[in-house]
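These protein sequences, in sequence, are chains E, G and H.
Counting from 1, one number per residue, gives the positions in the first sequence under the numbering used here.
Counting from 1001, one number per residue, gives the positions in the second sequence under the numbering used here.
Counting from 2001, one number per residue, gives the positions in the third sequence under the numbering used here.
Ideal Cβ placement from N, Cα and C applies to all residues, glycine included.
None of these values were measured; they are calculated from a predicted model.
Below you'll find the structure, written out as structure tokens, and then a few comments.
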Amino acid sequence: MRIARLVTSRLVGVVLVLLVVTAITFVIFYLLPSNPAQLSCGKPCTPENLARAKQFLGLDLPWYGQFWEFLRGIVMGRTFGTGADAIVCNAPCFGYSFQLNTPVTELILTRFPVTASIAVGAAALWFVSGVAGGTIAAVWRRKAPDRAIMTVAIAGVSSPAYLVGMLLILLFGFTLGWLPTGGYEPFGDDPVQWFLHLLLPWTALAFISSAVYARLTRSELVEQLGLDYVRTARAKGLGEGAVVMRHGLRNALIPVVTLFGLDLGTLLGGAVISERVFSMQGLGALLLDSIGRLDLQVIVGITLFSAFLIAIANVVVDIVYGLIDPRVRAA
Amino acid sequence: MSPADVTPVLSVRDLSVSFGGSGEADRVVDSVGFDLAPGRVLALVGESGSGKSVTAMSVLGLLPETARVSGSVRLDGRELVGAASAELRAVRGGRIGTVFQEPMSAFDPVYPIGRQIAEAIRVHRRGLRGAALRARVRELLTSVGLPDAARIAASHPHELSGGQLQRAMIAMALSCDPVAIIADEPTTALDVTVQAGILDLLRTLRDTRGTAILLITHDMGVVADLADDVIVMRQGVIVESGAVAAVFDSPASEYTRELLAAVPSLGALGDATEVATPRSGADASPVVVLDGASVAFRRRGTAVRAVDGASFAIGRGEVVGLVGESGSGKSTIGRALVGLVPVASGHASVAGVELGAAGRRERRRVRSRIGYVFQDPASSLNPRNTIGTSIAEPLLLHTAQSAAERTARVRELLAQVRLPADFARRYPHELSGGQRQRVAIARALALEPELLIADEPTSALDVSVQASVLELLEELQRRHGFACLFISHDLAVVRRLADRVVVLHRGRVVEQGPAAAVLAAPAEAYTRRLLAAAPVADPEAQAARRELWRELEAVR
Amino acid sequence: MSAPTDAVDLSARGGTASGRLDLFTQLRRDPWALAGLIVVAVFVLAAIFAPLITAINGQNPYDYNLHALDSSGAPKGWGGGISWRHWFGVEPLTGRDLFSIVVYGGRLSLSVGVLATLVAVAIGVLVGLTAGYFGGWYDRVASRVVDVLLGFPALIFIIALTAVVSANFPRPVLIVLVMGFFSWPSVARVVRGQVLSLKQRTFVVASEAMGAGDGHVLWRQLLPNVGATIIVYATILVPSMIGFEAALSFLGVGVPPPTPSWGRAIGTSVQWFSTDPGYLVFPGGALFLITLGLNAFGDGLRDALDPRTSRRRGILHRIAPRSARTHGRQRKVTA
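Okay, here's the thing in structure tokens:
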């Protein structure tokens, strides 16, 4: 009942957020530049591409008309032009690349599995290793395991993913030859190769974040373990393991999950960087290529797509948050 | 039955606890010894820093790792100091149940109450599970006076009241039929009427189950109500011990005498002989007039009336005690008078200014005529400002005085509250609670206010400090003649200071009149219950009050 | 009538202590923080005196030294062409002096990092302070904006932005503004949380009850109390800004050549590091060291300023109930 209300209110919230994000993106990328058609056309810009871009953007319409078409395309799909030249762009239509003659949504969907594989694996790795490291450090605080983990953590916090990634390639790829130095194998083709190719990107991307999570988990858990209810748990006769895991960590995880929700955007950015280091053809590579070609349609499409993705992922995190903290459900 | 006649359940000998270093100075508990007999309540009494809680926690081995414990703690003859952790765990919750001070924070906020009690049972009775376990939890909750056991068991801590939680905590302490219960300030965070119920419950446990209870408290009234034997501690050392009646009747040590003398007394109920006339009386132009004033808050979309149609007045130079339990709206009235919360309907005027109609400038003027002293001296002074800056803040806000004039005034004010002039350069964390409260009083008096609002000014202080702060307030009021709204939950404190009393219950004024009359022979049922529930530091008088309270509860 | 307990307390606490002195001694006892401070100081000095330092060896980060390269464009000699002339070797393809690039690159990283932090802190403190203090619908809107921006894929957005912003607009200024814009929400969130818990402390209410205006309360009562947090947060924000700028340059959308930049050097080294690891090691090491130094110093600063970790209250505080603290806990905004 309460959970249902929570989900509904979050979904209403996310629709609003998506609308605002779309509006801002539209203003920045289509209204502010002096010649969006030129930018959408790409490099080299053929005259027919430019004409199609002009028609596509409906530059003859007033700004609200343009925005309405833009919005409608995302929700219901749209058709550009008429007759034989007509281009059908199915919902959700994030734009159309005139240079590649492909709807942006299609481009994104072919690249997305790569980025998603990197991001999801790295997130799982950093969450688990960060929480585990932080818990160990908190339980043995001011002792050797704590010092060791926190020393690694402060180094980790200061290590950009691309730097770690390149060092990992140098060590495990070139020097030891244990793992591939780059590229991507689809999971469907060969799960083992998929895993081996992703191992280094995951590690590189997870390193910095697991350090952050270890530090947060440690400080939260240390604080929780000093609270009254933990003393109650001990006074019941619970063993130290149950006290830490069932009570302390359970409460300490609440702010950790909050941070996780906020880090999803950073995660996507990190995946973009990792793609570059490990020469994988994901969304990030598509984005950087499109910047090189000045293909505005694709650039905006990817930006919007990732904003949508994060907003929806945030709803999921919010609901999980409501599940683990009963006090939020009541509010 | 004296404790010497029966075998004690718990016997503590020569217990010393120190933290950090090994020197004598770090000793928090020093050579403490006592016996706890079945079916008896032993009270450890003392002010903050006396080592009473540390003593209790060392019995369970629940002190931080840095603690160094020496001496002997025997439970049924088995030594607990230095015992293996598995053995200690079997004792905790199994042989000895524990009840803590703050029921709101003593439960894990993320689990339902029933699950937390079930967990306590499962630790010691592994065989119990499923429906049998749930039935046991419900049975426990019912036995501590929570008839709505199924709902309570399914509730999270934030959904229950302090009294319900403390009863659930007692149910958890009882879950494995312990031989002894350690109750560490079990009622300090609760209202008096709730406290009376909890104390009664503990007494029933002692009588029906023969459970030995180690009661830790700072409140002599609670001791008089519940304890059979008492140990008075100060700075880690036992000052005095003996049967409650004997110690209260003829305290042997100077410290116990001071402690007892510092507790404000209430006097016998139904005794209205000493009705005094108010000091200056309500003259023609009262400082404060409330007429049907209401204050509402919005909570989850619906308006909740914190104060509902309150009417009373405070005359010039008159001290009015505003009495009520938590949530009665007493602090809200104080805040409404300075315009911190708006008066929703009715009239409220201070120094002739109608608050509802007052503009910015007028409201500022009203505020300059009011001094405000808050409950918690630890948080009412800005930690980043020196004492001098804090005291001078009203001068800075409302006068055009030069820095030198302000400094002189601060010096004068510090002298008035009996603090040395060099305190002006110190920071709040360098002062004790009592000193900080004196600073807060000095600040409130800086502009020679017509009205002083004192919101529970002494409830965060130890009794002996409390007595000296009250004495100071009394003397300053006599000297300056300001009107005073004294907000408190403590009837004895109010009785000592106030000319008139206003009793508040759920936002409504239920009774008002001269302090001596209202507090000796109340006309309203609620006031009678409130009075009967407040424990006094006299075992015999308290026994009589307890009977009266039971009668009043029975007719509810 | 002086109360006995008061006298005891007085002697125990002793004379007036200066908070600043405490902080300094505490920092000095923390070897990590001290080392961090030294590293930061070295980098700052190197950045300021970059022309003087590179002049020692008669180098600058712009001149090509094609004679230091072999026919494939890779540096001649060991470690990427390390020699008495080129202490860190030279850049592949151009032969520019890598030591000069690293020293000059610090100028860009530090100034962009500090300026973007200032932008973020200025906006964040303003929004956080007012949202926490005034509450109501303003707080709800501000908190919502903060939540959305915090989760926003900033890097992707900034990359996209570089495509449409006119090339005439100075790139470093753009980067500072955009990074500052995407970073203020975290500052606002922290400051707002602090203000909310400070508002529960009665000295804020007391000030209002005395007739203080909003400005007085915000400026005189609240700001000094969040000051420590802001300083610590800013110290930790600078390295993340430096890393952000380097990431943009690494991806090729940062400050354009020939302005020396660590991130761009690292990005270019992707193609070279199997043959010339030195080209990665020096700029990468510099980036790592300055970040580590700032983080270590920020950590030490936080520990020294955090009343929870200071030893003043001692062990007894651990046993005493601390429910007071749980009340003030900052929760995620669920407006």
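Three or more beta-carbon pairs under 8 angstroms between the stretch 1334–1348 of chain G and the stretch 1370–1386 of chain G, yes or no?
yes
If we require 3 or more residues per run, which beta strand (DSSP E) segments fall completely within the stretch 60–121 of chain E?
78–80, 87–89
According to DSSP, which residues form a beta bridge with residue 1372(G)?
By 1-based counting over the second sequence, the position of residue 1372(G) is 372. Partner(s): 1453(G).
Along chain H, in chain order, which residues have C-beta atoms closer than 9 angstroms to that of residue 1368(G)?
Counting from one through the second sequence, the residue named residue 1368(G) turns up at place 368. Per Cβ cutoff of 9 angstroms: 2210, 2211.
Please identify, using Cβ separations under 7 angstroms, the residues of the stretch 239–253 of chain E that lie next to chain G, in order along the chain.
239, 247, 250, 251
I want to verify the contact list: residues of chain H whose CB lies under 9 angstroms from the CB of residue 1564(G), in sequence order.
With chain G running from 1001 to 1556 in the structure shown, residue 1564(G) is simply not present.
Where does the unbroken alpha helix (DSSP H) through residue 1119(G) begin, and where does it stop?
Position 119 of the second sequence, counted from the start, is the residue given in the question as residue 1119(G). It spans 1113–1124 - the alpha helix (DSSP H) in which residue 1119(G) sits, taken as one unbroken run.
Is it right to say residue 1292(G) is buried, meaning 16 or more other beta carbons lie within 10 angstroms of its own, or is it exposed?
Within the second sequence, residue 1292(G) is the residue found at index 292, counting from 1. With fewer than 16 other Cβ atoms within 10 Å, it is exposed.
In whole angstroms, give me the CA-to-CA distance for residue 241(E) and residue 220(E).
By 1-based counting over the first sequence, the position of residue 241(E) is 241. By 1-based counting over the first sequence, the position of residue 220(E) is 220. If you take the alpha carbons of residue 241(E) and residue 220(E), they lie about 17 angstroms apart.
Is there a Cβ from chain G that is less than 8 angstroms from the Cβ of residue 2221(H)?
As a working mapping, residue 2221(H) is identified with position 221 in the third sequence. Taking Cβ atoms only, chain G reaches closer than 8 angstroms to residue 2221(H), which makes this a yes.
Could you spell out where the beta strand (DSSP E) holding residue 159(E) opens and where it closes?
Here residue 159(E) refers to the residue found at position 159 when the first sequence is read from its first residue. Segment: none, residue 159(E) is in no beta strand (DSSP E) and carries neither H nor E.
Excluding sequence positions up to five away, which residues of its chain have a Cβ less than 7 angstroms from the Cβ of residue 181(E)?
Residue numbering aside, residue 181(E) sits at position 181 when the first sequence is read from its first letter. Closer than 7 angstroms at the Cβ level, and outside the excluded window around residue 181(E), lie 169, 173, 174.
Name, going along the chain, the residues of the stretch 288–304 of chain E whose beta-carbon falls closer than 9 angstroms to a beta-carbon of chain H.
288, 290, 291, 292, 294, 295, 296, 299, 300, 302, 303
Would you list, in sequence order, the uninterrupted alpha helix (DSSP H) runs of no fewer than 4 residues that lie entirely inside the stretch 2142–2197 of chain H?
2154–2164
Residue 1123(G) CB to nearest chain E CB: under 8 angstroms?
Taking the first residue of the second sequence as 1, we reach residue 1123(G) at position 123. Yes, residue 1123(G) lies at the interface with chain E (some Cβ there is under 8 angstroms from its Cβ).
Run through DSSP, which three-state label would residue 1514(G) get?
Your numbering for residue 1514(G) matches position 514 in the second sequence. Strand.
Beta-carbon separation of residue 1197(G) and residue 1328(G) under 8 angstroms?
Along the second sequence, one-based indexing puts residue 1197(G) at 197. Along the second sequence, one-based indexing puts residue 1328(G) at 328. Cβ distance not < 8 angstroms, so residue 1197(G) and residue 1328(G) don't count as in contact.
Residues in its own chain within less than 8 angstroms of residue 1580(G) by CB, not counting five upstream and five downstream?
With chain G covering 1001 to 1556 only, the question about residue 1580(G) has no answer from this structure.
Sort out for me which residues DSSP pairs residue 1484(G) with in a bridge.
Indexing the second sequence from 1 puts residue 1484(G) at position 484. The partner list for residue 1484(G) (beta bridge, DSSP) reads 1319(G), 1452(G).
If you reduce the DSSP assignment to three classes, tell me which class residue 1505(G) lands in.
Position 505 of the second sequence, counted from the start, is the residue given in the question as residue 1505(G). The answer is strand: DSSP assigns residue 1505(G) an E or B state.
Any contact of the stretch 1191–1209 of chain G with the stretch 1223–1241 of chain G, i.e. 3+ C-beta pairs under 8 angstroms?
yes
Where residue 1555(G) and residue 1384(G) are concerned, what is the direct C-alpha to C-alpha distance, given to the nearest angstrom?
Here the question's residue 1555(G) lines up with position 555 in the second sequence. Here the question's residue 1384(G) lines up with position 384 in the second sequence. Roughly 53 angstroms between the two C-alpha positions.
In or out: residue 1462(G) buried (at least 16 other Cβ within 10 Å) or exposed?
Position 462 of the second sequence holds residue 1462(G). It is buried - the Cβ of residue 1462(G) has at least 16 other Cβ atoms within 10 Å.
Any beta strand (DSSP E) of 3 or more consecutive residues that is wholly inside the stretch 1334–1408 of chain G:
1345–1350, 1370–1373
Please list, in chain order, all residues of the same chain as residue 2094(H) whose beta carbon is under 7 angstroms from its beta carbon, the five residues on each side excluded.
Along the third sequence, one-based indexing puts residue 2094(H) at 94. Once the five neighbours on either side are set aside, the close Cβ partners of residue 2094(H) are 2064.
Enclosing alpha helix (DSSP H) for residue 1152(G) [first to last residue]:
Here residue 1152(G) corresponds to residue number 152 of the second sequence, with the count starting at 1. Run containing residue 1152(G): 1149–1154, per the alpha helix (DSSP H) assignment.
Using C-beta distances below 6 angstroms, list every residue in its chain close to residue 2188(H), excluding the 5 sequence neighbours before and after it, in chain order.
Taking the third sequence and counting its residues from 1, the one referred to as residue 2188(H) is at position 188. The residues are 2124, 2127, 2128, 2146.
Nearest-angstrom Cβ-Cβ length linking residue 2179(H) and residue 2245(H), presumed shorter than 8 angstroms
The residue given as residue 2179(H) occupies position 179 in the third sequence. The residue given as residue 2245(H) occupies position 245 in the third sequence. 7 angstroms between Cβ atoms; contact.
Cβ of residue 2310(H) less than 8 angstroms from any chain E Cβ?
Taking the first residue of the third sequence as position 1, residue 2310(H) is located at position 310. In this predicted model, residue 2310(H) has a pLDDT of only 43, less than 50, meaning its place in the structure is not dependable; the value taken from the coordinates is given anyway. Not closer than 8 angstroms to any Cβ of chain E, the Cβ of residue 2310(H) fails to qualify, so no.
With 16 as the cutoff for other CB atoms within 10 Å, does residue 290(E) come out buried or exposed?
Along the first sequence, read from residue 1 onward, the residue named residue 290(E) stands at position 290. Per the 10 Å Cβ criterion, buried.
Please confirm if residue 2216(H) has its CB atom under 8 angstroms from at least one CB of chain G.
Mapped onto the third sequence, residue 2216(H) falls at position 216. Cβ-Cβ to chain G under 8 angstroms: yes for residue 2216(H).
Below 7 angstroms on C-beta distance, what does residue 235(E) contact in chain G?
As a working note, residue 235(E) is residue 235 in the first sequence. 1060, 1062, 1092, 1093, 1098, listed in chain order.
Where does residue 1188(G) fall in DSSP's three states?
In the second sequence, counting from the first residue as 1, residue 1188(G) sits at position 188. Correct three-state label for residue 1188(G): coil.
9 angstroms Cβ cut-off: residues of chain H touching residue 360(E):
Because chain E spans 1 through 331 in this model, residue 360(E) falls outside it and cannot be assessed.
At the 8 angstroms Cβ level, is residue 2295(H) part of the contact set with chain G, yes or no?
Working through the third sequence from its first residue, we reach residue 2295(H) at position 295. No, residue 2295(H) lies away from the interface with chain G (no Cβ there is under 8 angstroms from its Cβ).
Is it buried or exposed for residue 1158(G), if we count other Cβ within 10 angstroms and need 16 for buried?
Translated into the one-based positions of the second sequence, residue 1158(G) becomes position 158. Exposed: under 16 other Cβ atoms inside 10 Å.
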